[in-house]
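Everything below concerns the one structure shown next.
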Amino acid sequence: MKTDPLIDRILRVNHAGESAAVYIYRGQLRGLQNNPEKRELIYEMMKTEQKHLQFFHSQIVQLRARPTILLGLCKGIAFGVGYLGGKAGVQVAMSCTTAIEDTIDRHYQKQIKFLTKAKPHEHQLLKKIVQFRQEELEHKDIGLANEANRAPFHSIITKVVSLGCTLGIFIAEKF
8 MKTDPLIDRI LRVNHAGESA AVYIYRGQLR GLQNNPEKRE LIYEMMKTEQ KHLQFFHSQI
68 VQLRARPTIL LGLCKGIAFG VGYLGGKAGV QVAMSCTTAI EDTIDRHYQK QIKFLTKAKP
128 HEHQLLKKIV QFRQEELEHK DIGLANEANR APFHSIITKV VSLGCTLGIF IAEKF
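In terms of my numbering, the sequence shown is residues 8 to 182.
See the structure below:
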């Protein structure tokens with residue numbers, strides 16, 4: 008049985024995004040080696056992203072959906088962004104996190120709206136995306152509580168990272 012092409016696309020892009028999120032946090036952990044307190048915080052956020060990734064991976068396998076062919080590239084870029092953000096300091100790392108989570112919030116909102124209207128029978132997927140969106144917003148709040156807005160060049164970081172995420176979403180949907 009072939010997966011609905013629209014569900015296939017949702018699974019592909021979300022799997023790529025959650026993979027990237029795990030690698031961003033891995034990069035941040037490496038970049039913030041000298042800050043055990045913040046490393047613990049980032050590690051906890053990474054564990055949440057790993058749970059999201061496990062769900063989308065299981066759905067791809069179960070439904071025989073196609074993951075993005077660019078998964079390795081997504082992981083490499085994500086690790087680099089995380090590492091550089093971490094090396095630049097906690098505020099920059101958190102600025103990257105808030106920009107990413109803000110973009111993912113909008114992305115998940117679109118999927119929730121679409122699934123509610125066009126695919127109401129996709130209860131499990133819809134329920135998980137609603138849950139994951141809430142958890143992403145919690146990560147954004149953590150970033151803000153850790154002075155993301157005080158990062159040097161915060162507005163530039165936000166624009167560049169958000170644009171990168173938006174581009175990644177577009178590419179992962181297609182390829």
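For glycine and all other residues, C-beta sits at the position ideal for the given N, C-alpha and C.
Bear in mind that the values here come from a model prediction, so they are computed numbers and not experimental data.
CB of residue i within 7 Å of CB of residue j, strictly
i: Val88; j: Ile31; result: yes
i: Ile49; j: Leu36; result: yes
i: Arg16; j: Pro74; result: no
i: Tyr90; j: Gly175; result: no
i: Lys166; j: Phe62; result: no
i: Glu143; j: Asp112; result: yes
i: Glu180; j: Lys147; result: no
i: Ile76; j: Phe177; result: no
For residue i, three-class secondary structure by DSSP
i: Glu154; result: coil
i: Lys126; result: coil
i: Pro12; result: helix
i: Ile76; result: coil
i: Gly92; result: helix
i: Arg46; result: helix
i: Gln98; result: helix
i: Phe63; result: helix
i: Leu174; result: helix
i: Gln40; result: coil
i: Phe86; result: helix
6 Å CB neighbourhood of residue i in its chain, flanking five on each side removed
i: Leu133; result: Leu122
i: Tyr85; result: Checking the displayed sequence, the identity of residue 85 turns out to be Ala instead of Tyr. So the list reads Ala27, Tyr30, Ile31, once near-sequence residues are dropped.
i: Leu39; result: Lys45, Arg46, Gly93
i: Tyr115; result: Ile136, Arg140
Exposure of residue i, with buried meaning 16 or more beta-carbon neighbours within 10 Å
i: Gln131; result: exposed
i: Gln66; result: buried
i: Val68; result: exposed
i: Arg140; result: buried
i: Asn2; result: This structure cannot settle anything about residue 2, because the visible part of the chain is limited to 8 through 182.
i: Glu56; result: buried
Straight-line gap, residue i to residue j (C-alpha atoms, nearest Å)
i: Ser102; j: Gly24; result: 18 Å
i: Gly93; j: Leu151; result: 16 Å
i: Leu70; j: Asn21; result: 14 Å
i: Glu129; j: Lys120; result: 12 Å
i: Lys117; j: Glu47; result: 32 Å
i: Leu78; j: Thr10; result: 20 Å
7 Å Cβ shell around residue i - same chain, five flanking residues per side excluded
i: Thr110; result: Ser169, Cys172, Thr173
i: His64; result: His22
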